[in-house]
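Okay, so here's the structure we're looking at.
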Amino acid sequence: MAKPADTRTAGRKPVAKATRSAAETEKIRAALAARRDELNAEYDQTLSEITELQRDRLTDSAGDDQADTGTKTFEREQEISLANSIKERITQVERALERLDEGGYGWCERCGNPIPVERLAAFPSATLCVTCKQLAERR
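Under the numbering used here, residues 2 to 140 are what the sequence shown spells out, in order.
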């Protein structure tokens with residue numbers, strides 16, 4: 002039985018992937034690792050602040066009315082959302098490091114074309130070229 006054609010790459014010519022020099026790969030790896038370390042430090046700091054704020058809220062909740070309780074709940078949800086956002090960025094950088102090891106870093110996961118250097122400089126963990134990202138955002 003024949004496999005169905007992949008609709009994402011059907012009709013497109015395969016692009017030959019150029020190899021990076023070892024020095025370029027190590028430079029990219031160092032930059033990604035440094036970014037991951039920064040994000041991990043930011044995540045740890047955020048968790049520490051959330052814990053401290055929670056402790057303060059527990060000791061300073063006597064006499065709160067519904068509005069105060071609602072405000073504190075909203076603020077806590079905002080802080081947790083921020084921590085989750087940082088964790089997601091850490092995951093993206095770790096995925097970029099994996100793609101670098103596998104040789105897929107800098108190539109669009111959808112169409113296989115190279116991701117422009119300018120895009121990678123602005124967003125090092127990009128997995129889609131500009132065109133594919135625009136298409137994905139329209140959906």
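Beta carbons are placed, not taken as given, at the ideal position from N, Cα and C, and that holds for glycine.
Asked	Found
Beta-carbon contacts of P5 that lie in its chain and below 8 Å, excluding the five residues immediately before and after	With a pLDDT of only 43 at P5, under the threshold of 50, the placement of this residue in the model should not be trusted, and no figure is reported.
The alpha helix (DSSP H) enclosing N114, as first and last residue numbers	N114 -> no alpha helix (DSSP H), and no H or E assigned at all.
Of the listed residues Q55, L101, E53, nearest to A24 (C-alpha basis)	L101
C-alpha gap between T52 and G113, whole angstroms	44 Å
Sub-8 Å separation of I116 and G107 beta-carbons	yes
Buried versus exposed, by CB contacts within 10 Å (16 or more), L129	buried
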